[in-house]
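Notes follow once the structure below has been shown.
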Amino acid sequence: MAGDERIQRESRLPALLSRFFDRRAGGLSGAEGSAAGTVHTFALLSIVSTFAFTARYLGVPEVAGGPLPWLNGVSVALFALVLVAVSRGHQLLGAAVYLTVATAGTLYMAVMFGWGSGHHLYLITAAQLVFLMFTDRQRAWRWLFVLVSAAAFLLAQLAAPGLGPYAVADRVGTDFAVNAVGTATLMFVLSVVAQHRAGVAQAEARRLADRAAYLANTDPLTGLANRRPVMARLEELAAADGRTYAVAIADLDRFKQLNDDYGHACGDRVLAALGDRLRGQVRVTDQLGRWGGEEFIVVLADTSLADAAVMMERMRRIVGESPVACGDHTHRVTVSVGVSEGIADRASHRVVKRADDALYDAKLAGRDRVRTRPYDDAPTAPTPIIRRHR
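Just so you know, our numbering puts 603 at position 240 of the sequence shown, and the rest follows in order with no gaps.
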């Protein structure tokens, strides 16, 4: 139990961090909205950190009298413009301006304080930050700023002095340690957020794939399987040596007349209700689906013809016991059912044909009944030559 709680806490942390960076901005959504939220959040953090840094060094005469306070003021103004751009839906502009200002400011700090202060270490975070500020469609911008940040880092490391004009010798080691820890922490946070976003994207992709598969295999009116999964199950049983199975086709009696008299909306309601009733009468191992129009099919694995006929008789009786409400009136619905047995002959269409013939036997015998056709195709009633409305 304690382990489960620990795992839940650990899984909550990436979600909390991701929500912190993914605040929606500018009315954007999806990947663009997440990127805009990251830009917006970092612009706010940069404004606060720039003010704090400036206030810290105002007590140093060399710094306070130099251009740094003014340059930091310009940076704050540009970060504020980033906030405005993002709030108006310009995510790409905001990201480009933010990274340009942040890179230039970090490079300037490295030159003025020296590479020994470690300010340029923050340029390393651009390698991860670009993946959060730009979308996949903007990958060219990602690589552009990765190259720009790498060039700025090398310039600061190789060309900047170890101790710059603003550096305080006895604080350089402390500054480097603080900036190194800050860079590592920021990289960790950005990595956690990026991983969480990737996990969320994968989960959404799986959900959409499952949804597409469900729609491709499901009848939208009744919620039952359509022909595709039913045929797959039939082919599976027809190819399984030594297994017997049965197929039943149920047809709603006088459905055309119901549609003509009460409209297709009422007919659809009756079909949906019939699908619910049939669903409640099949086993977990059975495959129930809508075969087309007012026909339903049941594939019963490891079931003899006699047992299938008993199950279908019970189903037929339950269907007819309760009328179906449709607006201010009700309809007593009945079904005719044809049942046939199948074997592993790799020809599932044959058992479907026999079940369909048995269904017509039931129609010819007066409807609202079950008829069977065994494997040898011996009819329980003659099949009509001319088949009329069901």
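Backbone N, C-alpha and C fix where the C-beta goes; we use that ideal spot for every residue, glycine too.
Residue span of the alpha helix (DSSP H) that contains residue i, given as start and end
i	result
Q520	R502 to A522
H627	H627 to R642
S409	G393 to Y420
R717	S711 to L727
A592	Looking at the sequence provided, one finds Pro at residue 592 rather than Ala. Start and end: R590 to A601.
L462	Q454 to F476
S480	Neither: S480 is in no alpha helix (DSSP H) and is coded neither H nor E.
F442	L431 to S450
Burial state of residue i (16 or more Cβ within 10 Å)
i	result
A601	buried
W506	exposed
R375	exposed
S412	exposed
A611	buried
Y577	exposed
D724	buried
T401	buried
T329	Past the boundaries of the shown model lies residue 329; the chain is included only from 364 to 753, so the question cannot be answered.
R750	Because the pLDDT of R750 is 43, which lies under 50, any placement of that residue in the model is unreliable, and the question is left without a value.
R708	The amino acid at residue 708 is misidentified as Arg; the sequence shows Asp. It is exposed - the Cβ of D708 has fewer than 16 other Cβ atoms within 10 Å.
Residue i: first and last residue of the uninterrupted beta strand (DSSP E) it sits in
i	result
I681	No beta strand (DSSP E) contains I681, which is instead part of the alpha helix (DSSP H) from L668 to E684.
Y608	Y608 to L615
G652	Q650 to G655
I660	E658 to A664
S703	V698 to G705
T735	V733 to R736
T488	That residue, T488, is in no beta strand (DSSP E); it is neither H nor E in DSSP.
H559	First-last for H559: V535 to N580, but that is the alpha helix (DSSP H), not the beta strand (DSSP E).
T693	H692 to H694
V687	V687 to C689
Spatially closest choice to residue i from the options, by CA coordinates
i	options	result
G525	S480, A635, G545 and F551	S480
Y461	A443, F476, R451 and G626	A443
V531	A458, T607 and M475	M475
L584	S438, T548 and V633	V633
M341	D614, D724, R717 and C629	No information on residue 341 is available, as it lies outside the stretch 364 to 753 that the chain covers here.
G457	A448, R574 and V700	A448
C629	R642, T693, R574 and M674	T693
T666	G643, R642, G638 and V702	V702
A669	G705, L553, F551 and L446	G705
R500	R606, L455, T548 and C689	L455
G477	T404, V714, A664 and L517	L517
T548	Q491, M674, Y529 and D731	Q491
G690	G626, R709 and V593	G626
A635	D624, G656 and V647	G656
D719	D708, R734 and G729	R734
Rounded straight-line distance, which links the Cα of residue j to that of residue i
i	j	result
A595	R653	14 Å
A671	A603	19 Å
D649	F618	25 Å
A440	A557	28 Å
T546	A572	39 Å
F414	G393	32 Å
V493	V509	7 Å
Q620	P737	32 Å
A459	A503	12 Å
P430	G436	10 Å
R534	L495	33 Å
G536	L391	43 Å
L330	R717	Because the chain is modelled from 364 through 753, residue 330 falls outside the range shown and cannot be assessed.
V645	S711	20 Å
I410	S554	23 Å
E567	R574	10 Å
G562	L408	26 Å
Same chain, Cβ closer than 6 Å to residue i, five either side skipped, listed in chain order
i	result
A473	H482, H483, A519 and A523
R695	P686
P432	T417
V682	R640 and V698
L446	A406
Residues of its chain near residue i, where Cβ-Cβ distance is below 8 Å and the 5 sequence neighbours each way are ignored
i	result
L587	T581, G638, L641, R642, L651, G652, R653 and F659
T466	L486, A489, F508, V511, S512 and A515
Own chain partners of residue i with C-beta closer than 7 Å, once the 5 adjacent residues on each side are dropped
i	result
N622	G630
T498	A394, E395 and A398
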